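Visitor: Taken in order, these protein sequences are the chains called A and Y. FYI, the working numbering numbers position 67 of the first sequence as 215, with every residue one higher than the one before it. FYI, the working numbering numbers position 72 of the second sequence as 220, with every residue one higher than the one before it. The C-beta atom is built at its ideal place from N, Cα and C for all residues, glycine as well. Note that the structure is a prediction, hence the values are computed from the model and not measured.
2 protein chains.
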Amino acid sequence: MTTSFPVNRALEIIGGKWRPQVYCTLQDGPRRFSEIQRAIPDVSRKVLTDQLRELEQLGMVRRIDYSTEKQLHVEYSLTEEARGLQPAMNALCSWGESHDEK
Amino acid sequence: MTTSFPVNRALEIIGGKWRPQVYCTLQDGPRRFSEIQRAIPDVSRKVLTDQLRELEQLGMVRRIDYSTEKQLHVEYSLTEEARGLQPAMNALCSWGESHDEK
DNA sequence: TCGGGTAGTTACTTCAATGTGCGTACTTTT
DNA sequence: AAAAGTACGCACATTGAAGTAACTACCCGA
């Protein structure tokens, strides 16, 4: 799109209604699908799987399947690339906190 | 909304397709409507006015009308509150630049 | 066997953001 | 006199992100 605004590349990745929350949740370490759901109660399963798939495609999230024949077990974690966004996320968070309420 | 993710407050303001670009454009100082349009060639007049009005409502942008009976002259600039986002924007920009291309 | 947990998929719908195209009104420049 | 610049408003169309609801399929504990 010939933006010439590099900030857009970052916002294409953390933008949207749920991605920042997914990112924040995974910042603390790997999480299972249902753990992410509990951390973000209002997201539906469909939208959450959509977002996780997209973030995986973008190279921001790693999906590891530990399932056995007996047990389903999938874990999601941030990639190193995604961790590079941490300073930006922290800056956004602290701005958000300082503007706690009008 | 009950997000408990403060990052969302910031993204509600700089999120969206055009707002980050508007923000970046105004970071360098006050700009007239047509100057912003030239800086962001692909935005339509309608959408740009919409965004500027919304950012004004949110307290991020100041609109000052210098028009006389002879001349239309409107200038837009960032508020102090908006300038507080600069560290976050810089962090996002530098991440975007470091991920210049896949 | 009944309810709950795991991790999804599929089909369909809704809605807010964005885009298109027109008109207004007044000015300066050529 | 005509073209181009300034700064919009309004009605409508389109699109894509998100939401709803149902279904799959397997396992565990009471």
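#1: Cutting at 8 Å between CB atoms, please list the residues of its own chain near Val222 of chain Y, excluding the five before and the five after it.
#2: Between the beta-carbon of Ile184 of chain A and the beta-carbon of Thr173 of chain A, is there less than 8 Å?
#3: Could you give the residue range of the alpha helix (DSSP H) that holds Glu229 of chain Y?
#4: Output yes if chain A places a C-beta closer than 8 Å to the C-beta of Gln169 of chain Y; else output no.
#5: Three or more C-beta pairs closer than 8 Å, one from the stretch 218-238 of chain A and one from the stretch 158-172 of chain A: is that the case here?
#6: Step through the CB atoms of chain A and report whether any lies within less than 8 Å of the CB of Met208 of chain Y.
#7: Using a Cβ cut-off of 7 Å, pull out every chain Y residue sitting near Phe153 of chain A, in sequence order please.
#8: For Leu200 of chain Y, go through chain A and note every residue whose CB falls closer than 9 Å to its CB, in chain order.
#9: Counting only the same chain and skipping the five closest in sequence on each side, list residues whose C-beta sits under 7 Å from that of Thr150 of chain A.
#10: Answer yes or no: do Ser225 of chain A and Pro168 of chain A have a C-beta to C-beta separation smaller than 8 Å?
#11: Using alpha carbons as the reference points, say which of A:Met208, A:Glu217 and A:Cys241 lies closest to Ala230 of chain A.
#12: By Cβ distance below 6 Å, which residues in the same chain neighbour Glu204 of chain Y in space, the five residues on each side in sequence not counted?
#13: Name, please, each residue of chain Y whose Cβ falls closer than 9 Å to the Cβ of Glu245 of chain A.
#14: Compare the C-beta of Pro178 of chain A with all C-beta atoms of chain Y and state if any pair is closer than 8 Å.
#15: From Pro251 of chain Y to Glu245 of chain A, what does the alpha carbon distance come to, in whole angstroms?
#16: Just reading off the beta strand (DSSP E) that Val209 of chain Y is part of, what are its end residues?
#17: Helix, strand or coil: which one does DSSP assign to Val222 of chain A?
Guide: By the coordinates alone:
#1: Position 74 of the second sequence holds residue 222 of chain Y. Closer than 8 Å at Cβ, skipping near neighbours: Arg180, Phe181, Arg211, Ile212, Asp213, Tyr214 and Ser215.
#2: Taking the first sequence and counting its residues from 1, one reaches residue 184 of chain A at position 36. Taking the first sequence and counting its residues from 1, one reaches residue 173 of chain A at position 25. Going by C-beta atoms, Ile184 of chain A is nearer than 8 Å to Thr173 of chain A.
#3: As a working mapping, residue 229 of chain Y is identified with position 81 in the second sequence. Glu228 to Arg231 is the extent of the alpha helix (DSSP H) around Glu229 of chain Y.
#4: Counting from 1 along the second sequence, the entry for residue 169 of chain Y is found at position 21. Residue-level contact by beta carbon holds for Gln169 of chain Y and chain A, with a gap shorter than 8 Å.
#5: Flag = yes, the stretch 218-238 of chain A and the stretch 158-172 of chain A touch.
#6: Taking the first residue of the second sequence as 1, we reach residue 208 of chain Y at position 60. Met208 of chain Y does not count as touching chain A.
#7: Here residue 153 of chain A refers to the residue found at position 5 of the first sequence. Within 7 Å Cβ-Cβ: Pro168, Gln169 and Cys172.
#8: For the purposes of this step, residue 200 of chain Y is identified with residue 52 of the second sequence, where counting begins at 1. Those do not exist, as Leu200 of chain Y stays about 17 Å from chain A at its closest Cβ, beyond 9 Å.
#9: In the first sequence, the residue the question calls residue 150 of chain A occupies position 2. Its pLDDT being 43, under 50, Thr150 of chain A is placed unreliably in this model, and the coordinates cannot settle the point.
#10: Residue numbering aside, residue 225 of chain A sits at position 77 when the first sequence is read from its first letter. Residue numbering aside, residue 168 of chain A sits at position 20 when the first sequence is read from its first letter. No.
#11: By 1-based counting over the first sequence, the position of residue 230 of chain A is 82. Out of A:Met208, A:Glu217 and A:Cys241, A:Met208 has the C-alpha closest to the C-alpha of Ala230 of chain A.
#12: To locate residue 204 of chain Y, count along the second sequence from 1; it is residue 56. Closer than 6 Å at Cβ, skipping near neighbours: Arg211.
#13: For this step, residue 245 of chain A is matched to residue 97 along the first sequence. Simply Pro154 and Arg157.
#14: Taking the first residue of the first sequence as position 1, residue 178 of chain A is located at position 30. Judged by the 8 Å Cβ criterion, Pro178 of chain A is not in contact with chain Y.
#15: An answer regarding residue 251 of chain Y cannot be provided, because it is not within the stretch 149 to 250 covered by chain Y.
#16: The residue labelled residue 209 of chain Y in the question sits at position 61 within the second sequence. Per DSSP, Val209 of chain Y is one residue of the beta strand (DSSP E) stretching across Val209 to Asp213.
#17: Walking along the first sequence from the start, residue 222 of chain A turns up at place 74. Looking at Val222 of chain A - three-state DSSP - the assignment turns out to be strand.
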